[in-house]
Amino acid sequence: MGRVGILLFIVLVGHLGHAPFKSFADENAESSIELDPLAKLFGRPDTRSFPAISPNGEKLAILEWDEDSKIFIYDISNPDDIKRELSFYAEEQDGKTLRHDQHHRLIWLSNTKLLMDVSLRRATGGCKGEHCFYYVSRRWKMLDLETRQLSSPYRKDFPNYFRRPNGYGFYHQAYLLHAPDRPDEPFLVWFFKGNRGVAGNPSVYELDKDTGEPVRTMKPEKNVYSWISDRNGDVRYAFERLRNRKEYVRYRNETDTEWQRIEWPDFPEDTNFNIVSFTSKPDEFYVISNHEGGPDALYRYHLPTYTFVEQIYAHPRFDVTYVNYDESGEVEAIYAGEEFIPIKEQDGDEINAIQAIGGLGDWYSTRSSSYERSRKLIEVSSSDQAGTFYLYDKSKDKAWRIGDRRELPEATELGTNYPFRFKARDGLELDAYVALPGGLTPDTASDLPFVLMPHGGPWSRDFDAYDDLTQLINALGIGVLKVNFRGSSGYGEEFKDLGIGQWGRAMQQDLNDAHDWAISQSWVDPDKTCMIGWSYGGYASLMAGIQDGERYKCVGSIAGVSNLARLIRTIDDEETLRMIGASSQFNQSIADGVSPLQRASEFSIPLFLAHGTADGVVDYEDHYSDLLEALKSHDKDVTYIAFKDGNHSLSSFYDRQVLYHRLIGFLRLHLLDQNSP
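Here is the structure:
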């Protein structure tokens, strides 16, 4: 079973009408549940994560999992003969091995020093029923390759503890400000010193590349909450916010030591403005904005004069979402929606080199690079490929395959996404993705059971990309339908604003229109459809179980919102309230008729309900416990499972595997007419 073993953090599992059971497994207990093989396969962590190339391009660090999580160091000086050099566990101070989901990235400080960004969760001691408060701290550990010693060098120097009023805490020990691209550039971090947490003012430190020792280069400044360095590692911008919420920018030119201060421009409502990075020119930034109307476009922007210098690219339908740069900081290519758009001819044609050895995919992204980008680690992925890593050497214009993000058994046949567009009942065009079980195409699929899977957010979007849960459902022989309903992001602010005040209303109608459209294509057995979603998608599924029982055979909510009125009362962000349709926290009338908890008696079809007790986004007590109690009181058909200390994403793979196991049983029973295991 490996060093850690399979641990189940379940506090309650059951099905009304059957005797529920409880399992309070301790951290060393083996599971008493024989997990479904598909749940184990798709719920496990990635085989390889966070690849990082050393500055000289001769070492590769990568987190790997095989019943356990270890960090491996490889010698890649000769890519034709890659050798494993070292493996180790990133352990806490008390010697406990960190789980896979507690690792976040690997960063080379120098050719012999590796930094690991990891998180530790500590209980604060306060518990309310099954719900315990905790805080998460992001810390850096360091491996010295010369001494092979693992340490936590900044644990004492960077104390930064705080607790939010609701009992949850989260902080970063240090934020990466500048990772050098050349040997003469500094390695910069900034962090909040002391115990004031996010209310404090950050200092800037340069880390010595030989020893890792921090040397302060910028002291804390009143009201300053963020710093920006240019591409050479010179700190030249600071952002400050006053108590009246007015914002200012402090900046200095390349040759100046004196700082100037200007007020942040007051952009109109619905105007996006996001700084992406410095350009190769002084005081110019790449920014993504929609100030000219339409979707977010990419611009050059001169910050001291608040001037848009040049529009680099604008797509008629999609927001610009990802930018690729060359060594000098000029834009090479971008992604807008799912379209890859070259902006200039690239110096090294890494994509052709990767394709020459069979590296075909829909998405190409640089994950790491050596100094001056002489070597790059590039990931290639698509809807039926979780990702494959390739090493590209610019001087040789050659690529080598490093390995897959997820290693699956050879016999595994993954499903494939097919993009479509259809019109909602009011004529609005929507993008949809139909994921069919392996071997099937839209021309050969017929009368399949289907799951409609609305995305979370709701201000996010689905892509034609790999997804474990989709592949799990496909592996059962069930199709998956996703749709970017009105209110989704990525299509411009006008499309997003169509969702204002439409929870349970027009946004819900879009999902039903997608369901009806798919049935008209003959892929779907109309008597075997289910809606299952996460977060907002869980809310939409709950509403479907109340309003649309004639359409769906079952519904499922994972970390879903059930008490919309309570959610409005607990939100203090004006923009989020505006998008929900509430003018303030006290304007809860928008929830009338569209809050699942208040309509629990109206559920007419079987429901799957899952939640983590430590969900810091959608509160466990407000949105799971209260709903479950209401469903029990009305004798509804609900299968339920709660995960002790599980977060909003149920990111622990132990939780994911048990979740998938229970979901498989639910779908087999209600969509495949099979007895659940």
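The sequence shown begins at 983 in our numbering and counts up by one. Heads up, the beta-carbon is just placed ideally off N, CA and C, and yes, glycines get one too.
Only counting the same chain, and skipping five residues up and downstream in sequence, which positions put a Cβ closer than 7 Å to that of residue i?
i, result
"A1161", "I1089, F1169"
"V1302", "I1270, D1278, A1279, L1280, Y1295, I1316, A1318"
"E1395", "G1420, G1421"
"Y1230", "E1222, R1243, I1244, E1245, W1246"
"A1488", "R1468"
"K1022", "Q1639"
For a quick check, are the C-beta atoms of residue i and residue j less than 9 Å apart?
i, j, result
"G1519", "Q1453", "no"
"V1465", "A1417", "no"
"G1472", "L1480", "no"
"F1590", "Y1636", "no"
"D1597", "H1630", "yes"
"I1053", "E1067", "no"
"F1024", "A1457", "yes"
"Y1602", "H1616", "no"
"S1702", "Y1307", "Limits of the chain in this structure are 983 at one end and 1659 at the other, which puts residue 1702 out of reach."
"D1246", "F1221", "The sequence given here has Trp at residue 1246, not Asp. Yes; because the gap between Cβ atoms is below 9 Å, this pair is in contact."
"E1678", "K1326", "The structure shown has nothing for residue 1678, since the chain only spans 983 to 1659."
"I1460", "L1651", "no"
"H1086", "S1051", "no"
"W1363", "G1340", "Per the sequence shown, residue 1363 should be read as Ser rather than Trp. No, these two residues do not count as a Cβ contact at 9 Å."
"A1522", "M1513", "yes"
"S1365", "N1399", "yes"
Can you tell me whether DSSP reads residue i as helix, strand or coil?
i, result
"A1427", "coil"
"T1253", "coil"
"H1000", "Because H1000 sits at a pLDDT of 32, beneath the cut-off of 50, its placement in the model cannot be relied upon, and the following sentence gives the value as read from the coordinates. In this structure, H1000 counts as coil in the three-state DSSP scheme."
"H1652", "helix"
"N1456", "helix"
"A1007", "Interpretation of A1007 is limited by its pLDDT of 28, a score under 50 that renders its predicted location unreliable; the figure taken from the coordinates is listed afterwards. In the structure shown, A1007 sits in coil (DSSP, three-state: anything other than H, G, I, E or B)."
"D1444", "coil"
"Q1580", "helix"
"G1538", "strand"
"K1263", "coil"
"G1647", "helix"
"Q1570", "coil"
"H1160", "strand"
"L1170", "strand"
"G1594", "strand"
"R1548", "helix"
"A1338", "helix"
"T1237", "coil"
"P1286", "coil"
"L1610", "helix"
"E1222", "strand"
"P1298", "coil"
"I1064", "coil"
"S1013", "Note on S1013: pLDDT 48, under 50, position unreliable in the model; the coordinate value appears next. Here S1013 sits in coil by DSSP."
"E1532", "coil"
Suppose the cutoff is 8 Å on Cβ atoms and the five residues either side in sequence are ignored; what does the same chain contact list for residue i look like?
i, result
"P1298", "G1276, P1277"
"S1350", "P1033, A1034, I1035, K1358, L1359"
"E1314", "N1306, Y1307, D1308, P1324, I1325, K1326, Q1328"
"S1356", "G1039, D1375, K1376, S1377"
Per the DSSP calculation, residue i is bridged to which residue(s)?
i, result
"S1347", "E1361"
"L1042", "I1035, Y1056"
"Q1367", "S1364"
"G1515", "S1539"
"A1381", "Y1374"
"Y1098", "Correcting the residue identity first, residue 1098 is Met in this sequence and not Tyr. DSSP, once it has assigned bridges, lists L1088, K1123 as partnering M1098."
"N1306", "A1315"
"L1589", "V1537, V1620"
"K1464", "Y1415"
"N1399", "A1417"
"P1683", "Past the boundaries of the shown model lies residue 1683; the chain is included only from 983 to 1659, so the question cannot be answered."
With a cut-off of 8 Å on the beta carbons, I'd call residue i and residue j a contact; round off their distance for me.
i, j, result
"V1543", "H1605", "6 Å"
"Q1567", "I1553", "6 Å"
"E1040", "I1058", "6 Å"
"L1159", "V1197", "Incorrect: roughly 14 Å between the Cβ atoms, too far for contact."
"D1638", "L1645", "It should be pointed out that residue 1638 corresponds to Arg in this sequence rather than to Asp. About 10 Å separates the two Cβ atoms, so there is no contact after all."
"T1595", "D1627", "6 Å"
"F1585", "I1528", "6 Å"
"V1171", "L1189", "6 Å"
Just to confirm my understanding: we take residue i, look at its own chain, exclude 5 residues before and 5 after, and list those with CB closer than 6 Å. What are they?
i, result
"G1474", "G1276, P1277"
"A1368", "R1387, R1388, Y1448"
"H1437", "D1444, G1519"
"V1462", "A1417, V1433, M1435, T1452, I1455"
State yes or no: is the C-beta of residue i nearer than 8 Å to some heavy atom of the ligand NAP?
i, result
"S1310", "The ligand content of the structure shown is nil, which means the ligand NAP is not present either."
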